[in-house]
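> In terms of this note's numbering, the sequence shown is residues 6 to 399.
C-beta: ideal position from N, C-alpha, C; glycine also.
To start, I am sharing the structure in question, which I have written as structure tokens.
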Amino acid sequence: MSRSDVTIVGGGAAGLSAGLGLAQAGLSVNLLGAPTAIRDDGRSAALFQTSLDFLAGLGIGPALQEKAAALRAIRIVDLTGGLVRAPTTTFRALEIGQEAFGWNIANADILAVMMEAARQTPGLTLSDAQFRSFQASEDGVVIEMEDGSSHESRLLVGADGQNSKTREAAGMAFRTKDYPQTALTCRLRHPKDHEDISTEFHTREGPFTFVPSGDGVSALVWIMRPDKAENMLALSRERLAEIITRRSSSFLGPVEIISAIGAVPMRKRVAERLVSGRVALIGEAAHAFPPIGAQGLNLGLKDVESLVRRLVAAHREGDDLAAALPLYAQDRKLDMDMRATGVDLMNSALIADFLPLDITRALALTALKQVAPLRQLAMRIGSWTPPFSQKRSA
């Protein structure tokens, strides 16, 4: 039977980055569910500078930067149609000494860069075998795959998404909340310059967001009712592009859809525990919620950074790797719960047709627009920027 220090289930960005970090530090890693082909589904991720700094430490920063588009400002426009309308507010990264809030990169490009690095990393074994179950052994776990093969490992890490089989096999409960929303995603070409500004039109159904994705290209995340999303998907690409142009008041000119069109049901899922015995959860296996505030992959990479740091420290001290897992859970649980709650509150306040909430949201955005110290604090919290951070060097 083959053996490794750590087995990771899931070949997405969280699983691959964890595998890279652990293997580069000298641990043997077996990664299950590695993608055999990478499909461009039209989705992208806005990575904060802290996330890119972590990935740069894995040696893939320059390759990702080549694919990235800067988000130098975020503009919020109120289209909720409430009696009290919030003012249009623009947040600029230069106000907090940053070149950009983050860098938008297509999910397919992120996975391609990570897979290329993973194939060249000694100690990291990639397999497309699918996880089925595991049994605890005296000093590890024995993992069974769908093809009948087995593998022994000291630790098991679940990075296999919202419907995690690892989490289920470990008996780790989770809280869930379904929203009456679906996110429609694609990339658009347009004639006007987005000026590196991510523009969020806040509607009663959810945000309608254009995120810079290169010269003359933006990624669209349009959150709407599920029935409306089904109707949109039934349209021709040309007709859908016309509707997007009209919905945005043509602020970037007539758009053209240049990628696949995705539709993702919106829900919140948060694991009650991040660790159970020799099993740990990271990424969307641990937490998943609507794409508001670019928290998704950034939060997952915070998990990875903490887990890698704790396991590498235990490995260098010669300690049992399992002893590091409670420390990882302590690192991440509070931040994870706070971010999930914050996104839930923002989304719920936006879609609720309730005058007191509209007034509160309008007052909050007015204060952020007019009071620079408050606006700067909000920007630092949103992008995990320390209060006295320095501008990133060119």
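What's the C-alpha gap between R274 and D340?
Mapped onto the sequence shown, residue 274 falls at position 269. Mapped onto the sequence shown, residue 340 falls at position 335. Looking at the two C-alpha atoms, the distance is approximately 15 Å.
> Taking the C-alpha atoms as reference points, what is the distance between E247 and P259?
Numbered from its first residue, the sequence shown carries residue 247 at position 242. Numbered from its first residue, the sequence shown carries residue 259 at position 254. Cα to Cα, the separation comes out at about 7 Å.
> Rounded to a whole number of angstroms, what is the C-alpha to C-alpha distance between R242 and A265?
Sequence index remark: in the sequence shown, residue 242 carries index 237 (1-based). Sequence index remark: in the sequence shown, residue 265 carries index 260 (1-based). In a straight line, the C-alpha of R242 is about 10 Å away from that of A265.
> Quick check: what's the CA-CA separation for A39 versus H156?
Residue 39 sits at position 34 when you count from the first residue of the sequence shown. Residue 156 sits at position 151 when you count from the first residue of the sequence shown. Cα-Cα distance, rounded: 16 Å.
> Output the residue ranges of the alpha helix (DSSP H) runs that lie fully inside the region 233-311 and measure 4 residues or longer, sorted by chain position.
Taking only runs of at least 4 residues, the alpha helix (DSSP H) segments lying wholly in the region 233-311 are 242-252.
> DSSP beta-bridge partners for G211?
Counting from one through the sequence shown, the residue named residue 211 turns up at place 206. Paired residues: T208.
> Write down the C-beta distance between A327 and L160 rounded to the nearest angstrom, noting that I regard them as a contact closer than 8 Å.
For the purposes of this step, residue 327 is identified with residue 322 of the sequence shown, where counting begins at 1. For the purposes of this step, residue 160 is identified with residue 155 of the sequence shown, where counting begins at 1. Between L160 and A327 the Cβ distance is about 6 Å, and since that is below 8 Å, they are a contact.
> Where A438 and A28 are concerned, what is the direct C-alpha to C-alpha distance, given to the nearest angstrom?
Examination of residue 438 is not possible in this model, given that the chain is present from 6 through 399 alone.
> Buried or exposed: Q186, going by 16 or more other Cβ atoms within 10 Å of its Cβ?
What you label residue 186 is simply residue 181 of the sequence shown in a count that begins at 1. Buried, since its Cβ has 16 or more Cβ neighbours within 10 Å.
> With H, G and I counted as helix, E and B as strand and the rest as coil, what does DSSP make of S223?
One-based indexing of the sequence shown puts residue 223 at position 218. Correct three-state label for S223: strand.
> Who are the Cβ neighbours of A123 in its own chain at under 7 Å, not counting the five residues just before and after it?
Against the sequence shown, residue 123 aligns to sequence position 118. Hits under 7 Å: L21, G24, L25, L129 and L131.
> So if DSSP puts R192 in a beta bridge, which residue, or which two residues, is it bridged to?
Here residue 192 is taken as the residue at index 187 of the sequence shown, counted from 1. Beta-bridge pairing links R192 to A224.
> Which class does I148 belong to by DSSP, given the choice of helix, strand or coil?
Within the sequence shown, residue 148 is the residue found at index 143, counting from 1. Looking at I148 - three-state DSSP - the assignment turns out to be strand.
> Taking the alpha carbon of A42 as the point to measure from, which residue in F96, L116 and G288 has its own alpha carbon closest?
Taking the first residue of the sequence shown as position 1, residue 42 is located at position 37. Answer by Cα proximity: L116.
> In angstroms with no decimal places, state the Cα-to-Cα distance between A224 and S49.
As a working mapping, residue 224 is identified with position 219 in the sequence shown. As a working mapping, residue 49 is identified with position 44 in the sequence shown. Each residue's Cα considered, the two are about 7 Å apart.
> Taking the straight line between their C-alpha atoms, what separation do you get for F139 and G163?
Position 134 of the sequence shown, counted from the first residue, corresponds to residue 139. Position 158 of the sequence shown, counted from the first residue, corresponds to residue 163. If you take the alpha carbons of F139 and G163, they lie about 12 Å apart.
> Less than 9 Å between the C-beta atoms of L69 and P217, yes or no?
The residue labelled residue 69 in the question sits at position 64 within the sequence shown. The residue labelled residue 217 in the question sits at position 212 within the sequence shown. No, the Cβ-Cβ distance between L69 and P217 is not below 9 Å.
> Could you tell me whether the region 224-236 touches the region 207-216, where touching means 3 or more Cβ pairs closer than 8 Å?
These segments touch.
> Residue range of the beta strand (DSSP E) that A3 falls in?
As shown, the chain starts at 6 and ends at 399. That puts residue 3 outside it, with no answer to give.
> Please report the residue range of the alpha helix (DSSP H) in which Q70 lies.
Position 65 of the sequence shown, counting from 1, holds the residue named residue 70. Unbroken alpha helix (DSSP H) run through Q70: G66 to E71.
> Which residues does DSSP pair with T187 in a beta bridge?
Taking the first residue of the sequence shown as position 1, residue 187 is located at position 182. Answer is M229 and P270, bridged to T187.
> For a test of the three-state rule: what should DSSP assign to Q103, helix, strand or coil?
The sequence position of residue 103 within the sequence shown is 98, counting from 1. Correct three-state label for Q103: coil.
> So which of R314, R272 and G267 has the shortest CA-CA distance to G47?
Translated into positions along the sequence shown, residue 47 becomes position 42. Checked all of R314, R272 and G267; the closest Cα to G47 is G267.
> Per DSSP, D46 forms a beta bridge with which residues?
By one-based count along the sequence shown, residue 46 stands at place 41. Answer is none; D46 lacks a bridge partner.
> Nearest-angstrom Cα distance between V14 and M177?
As a first step, residue 14 must be located in the sequence shown, where it is residue number 9. As a first step, residue 177 must be located in the sequence shown, where it is residue number 172. Whole-angstrom Cα-Cα distance: 15 Å.
> Please say whether A234 and N112 have beta carbons closer to each other than 9 Å?
Along the sequence shown, read from residue 1 onward, the residue named residue 112 stands at position 107. Along the sequence shown, read from residue 1 onward, the residue named residue 234 stands at position 229. Cβ atoms of N112 and A234: not closer than 9 Å.
> So Q140 is in the beta strand (DSSP E); what residue range does that whole segment cover?
Taking the first residue of the sequence shown as position 1, residue 140 is located at position 135. F136 to A141 is the extent of the beta strand (DSSP E) around Q140.
> Quick one: Cα of S9 to Cα of E100, how far?
In the sequence shown, the residue the question calls residue 9 occupies position 4. In the sequence shown, the residue the question calls residue 100 occupies position 95. Computed Cα separation, rounded: 47 Å.
> Using the C-alpha atoms, what's the distance from D325 back to G282?
Along the sequence shown, read from residue 1 onward, the residue named residue 282 stands at position 277. Along the sequence shown, read from residue 1 onward, the residue named residue 325 stands at position 320. For G282 and D325, the distance between alpha carbons rounds to 12 Å.
> When you compare only the Cα positions, how much space is there between G301 and D114?
As a first step, residue 301 is located in the sequence shown; it is residue number 296 there, counting from the start. As a first step, residue 114 is located in the sequence shown; it is residue number 109 there, counting from the start. Rounded to whole angstroms, G301 to D114 spans 17 Å at the Cα level.
> What residue does the beta strand (DSSP E) around D10 start on, and which one ends it?
Working through the sequence shown from its first residue, we reach residue 10 at position 5. D10 -> beta strand (DSSP E) spans S7 to V14.
> Which residue or residues does DSSP assign as beta-bridge partners of N109?
Numbered from its first residue, the sequence shown carries residue 109 at position 104. Answer is A51 and A74.
> Quick check on this structure: which residue in P196, T204, E310 and Q125 has the alpha carbon closest to the alpha carbon of E405?
Look at the range of the chain in this structure, 6 to 399, and you will see that residue 405 is not part of it.
> Select from L316, L286, E173 and L238 the residue whose C-alpha is nearest the C-alpha of L304.
Sequence index remark: in the sequence shown, residue 304 carries index 299 (1-based). Out of L316, L286, E173 and L238, L286 has the C-alpha closest to the C-alpha of L304.
> With distances taken Cα to Cα, identify the nearest neighbour of L316 among K307, Y333 and L306.
Within the sequence shown, residue 316 is the residue found at index 311, counting from 1. When only C-alpha atoms are compared, the closest one is Y333.
> Helix, strand or coil for F359, going by three-state DSSP, please let me know.
Within the sequence shown, the letter at position 354 stands for residue 359. Here the model assigns F359 a pLDDT of 44, short of 50, so the residue's position is not dependable and the matter cannot be decided.
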